[in-house]
Amino acid sequence: MKAYESQQVRIGQVLDSILSRLPSTPAVAEIPPAVVVSPPAMSPAREPQIPPPPRFSGDPQACRGFVTQCQIQFEFQPSQFSCERAKVCFVMSRLEGKPLEWATPLWESQSPLTFDVKEFLRMFRTIFDAYK
């Protein structure tokens, strides 16, 4: 214990010696911390609530309107569709009958059409739209 106390005294003497050799500096004025002003928080724009289009069963006269309603969903509810495949999935979820029979094998085989909604809808309209 005596050795420890002796070592502490010696460290204190060395520190005093070092401090006495330093030039004296004027006291530094305390600078108040910078005030950070955040811009007003922008609330994200609310997406309108748009009901999904009715199911499409293959009526050629209704195809164009169905596709337009799906595109409205994609444009005005973008947070619902994280990728192209999610858009194709949405379209397929609104199909029944012949259109669903056409789309199902594409989905199951992971056809490139199921990864590109524009191409999927182009092919879809080629087959089911009366106004191609």
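To convert, note that position 10 of the sequence shown is 75 in my numbering; the numbers rise steadily by one, no gaps.
Virtual Cβ for every residue (Gly too), placed ideally from N, Cα, C.
These figures come from a predicted structure and were not determined experimentally.
Straight-line Cα distance separating residue j from residue i
i    : j    : result
D194 : G162 : 15 Å
L186 : V132 : 7 Å
A110 : E184 : 29 Å
K152 : V182 : 6 Å
P118 : C128 : 11 Å
L160 : I192 : 14 Å
E173 : G123 : 20 Å
I137 : S158 : 16 Å
V130 : I115 : Reading off the sequence shown, one finds Gly at residue 130, where the question assumed Val. Their Cα atoms are separated by approximately 15 Å.
K197 : C135 : 17 Å
Assigned exposure category for residue i - 16 Cβ within 10 Å defines buried
i    : result
Y145 : This sequence places Gln at residue 145; Tyr is not what is there. Exposed: under 16 other Cβ atoms inside 10 Å.
P125 : exposed
Beta-ladder partner(s) of residue i, from DSSP
i    : result
F121 : L160
Residue of the options minimising C-alpha distance to residue i
i    : options                : result
V156 : F121, P177, I192       : F121
P164 : Q136, M188, E149       : M188
E149 : K197, W172, T179       : T179
S176 : S147, P116, Q114, C154 : C154
Min CB distance residue i to chain C below 7 Å
i    : result
E166 : Considering every chain present, this structure includes no chain C. It has just one protein chain.
* Asked: Is it true that the stretch 133–144 meets the stretch 160–176, where meeting means three or more beta-carbon pairs spaced less than 8 Å apart?
  -> Judged by pairs of C-beta atoms under 8 Å, the stretch 133–144 does not touch the stretch 160–176, as fewer than three such pairs exist.
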